[in-house]
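Quick note on the working numbering: the sequence shown kicks off at 10 and runs consecutively.
So the structure is just underneath, and the comments pick up after that.
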Amino acid sequence: MKVLVATDKPFAQVAVDGIRKEIENAGYTLALLEKYGEKARLLEAVADADALIIRSDVVDAEVLDAAKQLKIVVRAGAGYDNVDLAAATAHGVCVMNTPGQNSNAVAELAFGLMVMAVRNLYNGTSGTELKGKKLGIHAYGNVGRNVARIAKGFGMDILAYDAFPAAVEAMKQDGITPVDSAEELYAQCNVVSLHIPATAETKGSIGHDLVGRMLKGGVLINTARKEVIDEEGMLKLLGERTDLKYMTDIMPVRHAEFQEVAAGRYFSTPKKMGAQTAEANINAGIAAARQIVGFLKDGCERFRVNK
Ligand code: 3PG
């Protein structure tokens, strides 16, 4: 059995070593395709793979067509919007993610961006502090929950919105104030941290009207997905509300326009860095390897996300 790790944005070497150990101990072979750039290289590498470990790498019908022996794809991470689930099901391929494994790393970066925002992107002028400010956590999953834990250390007043009753239950357990709608969350907060997945319902849902409800000097932090932002609406808003800041770990399609419209109030990492720590790579990578071994040896389908 051949397990292919295909990561255009590679894991830390220590994580690759750990994945290799898990795979080889199970009697399988590990193949590595890093920084492949061209999709053609991925199509070639998947041809004889039985299992695939990916990150934000796109697995669509074309990749699945090329992967004739493929039985399982594990997205080493949380969001699986990069995998065509229906096509995978049609090809008889199981798709899993590794929920929670990289969530602390992403949550820590949200605070990196938050501090950078309130200290005016480190431009030397006097900023503000996070202590005592109202933080809105938009979606209370694994990352949102870690954001809440860290925010307590900063002394922030924490509110959260999530449509799922289980998440509201988790907020109550954590002593976080649940609010009834996203509109209410934005209207009450100095800082909002986005943790919604990119789905048909959420794509383009964060824009002019919602973010425009934020308090004066508001900061929006995006460590989730660029697709959830309505870029046209955000650009318009940032032009109108020169008090607002937008900090993102996922570069918008219209990055240059954001830089122009919100100079000194906008920052994007050049490449998504949220899960890019040795710890997150080890946790997610090894979990992915173990899930593959469990699936191939025992048919274990825990964390399966397609039908
Ligand atoms: C995730 O969904 O797990 C995060 O966005 C991290 O994505 P990455 O593995 O591409 O860095």
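Note that the Cβ used here is the ideal one computed from N, Cα and C, for glycine as well.
The model shown is predicted, which means the values in this text are computed figures rather than measured ones.
* Cβ-heavy atom distance between G86 and the ligand 3PG below 6 Å? -> Your numbering for residue 86 matches position 77 in the sequence shown. Yes, the Cβ of G86 comes within 6 Å of a heavy atom of the ligand 3PG.
* Asked: What's the call for D69, buried or exposed, on a 16-neighbour Cβ count within 10 Å?
  -> As a position in the sequence shown, residue 69 is number 60, starting the count at 1. Around the beta carbon of D69, a 10 Å sphere encloses fewer than 16 other beta carbons of the protein chains shown; the residue is thus reported as exposed.
* Cβ pair count under 8 Å reaching 3, the segment 201-215 against the segment 173-183 -> no
* Give a yes or no on contact between the segment 198-207 and the segment 228-236, applying the rule of three or more CB pairs nearer than 8 Å. => yes
* Asked: Cβ of N113 within 6 Å of any heavy atom in the ligand 3PG?
  -> The residue given as residue 113 occupies position 104 in the sequence shown. No.
* Burial state of S112, where buried means 16 or more other Cβ atoms lie within 10 Å -> Position 103 of the sequence shown holds residue 112. Its Cβ being crowded by 16 or more others within 10 Å, S112 is buried.
* **Proximity to Q285 [Cα-Cα], best of T38, C103, Q110** => The count along the sequence shown starts at 1 and reaches residue 285 at position 276. When only C-alpha atoms are compared, the closest one is Q110.
* Might you give, ordered along the chain, the residues of its own chain that have their beta carbon closer than 6 Å to the beta carbon of N129, omitting 5 neighbours on each side? => In the sequence shown, residue 129 corresponds to position 120, counting from 1. G136, listed in sequence order.
* Asked: Who are A40's beta bridge partners in DSSP?
  -> If you number the sequence shown from 1, residue 40 lands on position 31. Paired residues: L13.
* Range covered by the beta strand (DSSP E) that runs through V270 -> In the sequence shown, residue 270 corresponds to position 261, counting from 1. No beta strand (DSSP E) contains V270, which is instead part of the alpha helix (DSSP H) from 264-270.
* **Sequence-distant residues of the same chain with beta carbon closer than 8 Å to I32, five excluded per side** => In the sequence shown, the residue the question calls residue 32 occupies position 23. Once the five neighbours on either side are set aside, the close Cβ partners of I32 are V12, T38, L39, A298, I301, V302.
* Which residue or residues does DSSP assign as beta-bridge partners of G145? -> Taking the first residue of the sequence shown as 1, we reach residue 145 at position 136. Paired residues: L168, V201.
* Could you tell me the boundaries of the beta strand (DSSP E) in which T257 lies? => The sequence position of residue 257 within the sequence shown is 248, counting from 1. Its beta strand (DSSP E) spans residues 254-257.
* Taking only the alpha-carbon atoms, compute the straight-line gap between C103 and L51 and give it to the nearest angstrom. => Indexing the sequence shown from 1 puts residue 103 at position 94. Indexing the sequence shown from 1 puts residue 51 at position 42. The alpha-carbon atoms of C103 and L51 are separated by roughly 19 Å.
* To do: Taking the CB atoms as reference points, tell me whether K140 and G164 lie closer together than 7 Å.
  => As a first step, residue 140 is located in the sequence shown; it is residue number 131 there, counting from the start. As a first step, residue 164 is located in the sequence shown; it is residue number 155 there, counting from the start. Yes, Cβ-Cβ distance for K140 and G164 is below 7 Å.
* At which residue ranges does the segment 65-125 contain complete alpha helix (DSSP H) runs of 4 or more residues, listed in the order of the chain? -> 70-75, 94-99
* To do: Using a threshold of 7 Å, state whether the C-beta atoms of I159 and A116 are closer than that.
  => The residue given as residue 159 occupies position 150 in the sequence shown. The residue given as residue 116 occupies position 107 in the sequence shown. The answer is yes: Cβ separation under 7 Å.
* To do: Determine the direct distance from the alpha carbon of A169 to that of Y149, and round the result to whole angstroms.
  => Sequence index remark: in the sequence shown, residue 149 carries index 140 (1-based). Sequence index remark: in the sequence shown, residue 169 carries index 160 (1-based). The alpha-carbon atoms of Y149 and A169 are separated by roughly 7 Å.
* To do: Could you check the C-alpha separation between Y255 and R154 for me, to the nearest Å?
  => In the sequence shown, counting from the first residue as 1, residue 255 sits at position 246. In the sequence shown, counting from the first residue as 1, residue 154 sits at position 145. For Y255 and R154, the distance between alpha carbons rounds to 21 Å.
* **Spatial neighbours of A287 in its chain, beta-carbon cut-off 8 Å, leaving aside the 5 residues before and after** => Your numbering for residue 287 matches position 278 in the sequence shown. Within the same chain, A287 has close Cβ partners A21, V23, A24.
* Asked: Quick one: what does DSSP say I185 is sitting in, helix, strand or coil?
  -> Start at 1 with the first residue of the sequence shown, and residue 185 comes out as number 176. Under the three-state reduction of DSSP output, I185 falls in the coil class, being neither helix nor strand.
* Measuring CB to CB, does D17 end up less than 7 Å from D93? -> Against the sequence shown, residue 17 aligns to sequence position 8. Against the sequence shown, residue 93 aligns to sequence position 84. No, Cβ-Cβ distance for D17 and D93 is not below 7 Å.
* Nearest CA to the CA of I62: which residue from E241, T257, N106? -> As a working note, residue 62 is residue 53 in the sequence shown. Here the closest residue by C-alpha is N106.
* To do: Within 10 angstroms of the Cβ of D252, are there 16 or more other Cβ atoms? Answer buried if so, exposed if not.
  => Position 243 of the sequence shown, counting from 1, holds the residue named residue 252. Taking every protein chain shown into account, the CB of D252 has fewer than 16 other CB atoms within 10 angstroms, so this residue is exposed.
* Taking the alpha carbon of A126 as the point to measure from, which residue in A85, D218, G227 has its own alpha carbon closest? -> Looking up residue 126 in the sequence shown gives position 117. Of the candidates A85, D218, G227, the one whose C-alpha sits nearest the C-alpha of A126 is G227.
* Taking 6 Å as the line, does the beta carbon of A284 fall inside it for any heavy atom of the ligand 3PG? -> Translated into positions along the sequence shown, residue 284 becomes position 275. Yes, the Cβ of A284 comes within 6 Å of a heavy atom of the ligand 3PG.
* Asked: F304 lies in the alpha helix (DSSP H); which residues open and close that run?
  -> For the purposes of this step, residue 304 is taken as the residue at position 295 of the sequence shown. 287-307 is the extent of the alpha helix (DSSP H) around F304.
* Asked: What's the gap between the Cα of P279 and the Cα of M260?
  -> Stepping through the sequence shown from its first residue, residue 279 is reached at position 270. Stepping through the sequence shown from its first residue, residue 260 is reached at position 251. Annotation: P279 to M260 spans about 7 Å, alpha carbon to alpha carbon.
* Asked: Are the Cβ atoms of P108 and N151 separated by less than 7 Å?
  -> Numbered from 1 along the sequence shown, position 99 holds the residue referred to as residue 108. Numbered from 1 along the sequence shown, position 142 holds the residue referred to as residue 151. Yes. Within cutoff.
* **Short Cβ contact (7 Å threshold) for A95 with L73** => Position 86 of the sequence shown, counted from the first residue, corresponds to residue 95. Position 64 of the sequence shown, counted from the first residue, corresponds to residue 73. No; because the gap between Cβ atoms is not below 7 Å, this pair is not in contact.
* Asked: Looking only at C-alpha atoms, which of Y89, I81, A54, V82 sits nearest to A209?
  -> Along the sequence shown, one-based indexing puts residue 209 at 200. Checked all of Y89, I81, A54, V82; the closest Cα to A209 is Y89.
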